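Following our numbering, the numbering of the sequence shown begins with 1 at its first residue and continues without gaps. Where a beta carbon is used, it is the ideal one built from N, C-alpha and C, also for glycine. All figures in this text were calculated on a predicted structure; none of them were measured in a lab. What follows is a short report on a single structure.
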Amino acid sequence: MSKFKLYFGYYLCFNWIMFVYIFFSGLIFNSDLVMQILFLQSWFSGVILFFWMIYNLIKNKNKKYKFLWFLSFCIMFIGVIFYFWFVYRENQKIKV
Numbered sequence: 001m002s003k004f005k006l007y008f009g010y011y012l013c014f015n016w017i018m019f020v021y022i023f024f025s026g027l028i029f030n031s032d033l034v035m036q037i038l039f040l041q042s043w044f045s046g047v048i049l050f051f052w053m054i055y056n057l058i059k060n061k062n063k064k065y066k067f068l069w070f071l072s073f074c075i076m077f078i079g080v081i082f083y084f085w086f087v088y089r090e091n092q093k094i095k096v
């Protein structure tokens with residue numbers, strides 16, 4: 001079970017990196033269905049990774065630098081939301 005968790009963690013981290021690459025490179029604007037599925041699947045993996053990290057922070061009470069680890073991951077999520085809300089929306093003229 002320990003190896004499964006390790007490889008699942010690698011899978012989630014790779015998908016999160018792929019999500020960031022697809023999002024910031026502008027490939028999401030490609031109308032290809034495969035790219036849109038990859039984008040949504042990577043986003044979903046990022047959300048799972050976020051909650052998995054929160055679970056491990058709560059479970060491991062003796063983890064060093066717990067607050068810094070959590071804060072850095074929250075900053076990444078806030079950065080993506082900020083980019084979408086203020087940059088992407090303005091460039092595409094999306095009304096929310």
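Burial state of residue i, where buried means 16 or more other Cβ atoms lie within 10 Å
i	result
F14	exposed
L49	buried
L12	buried
S42	buried
Three-state secondary structure assigned by DSSP to residue i
i	result
N60	coil
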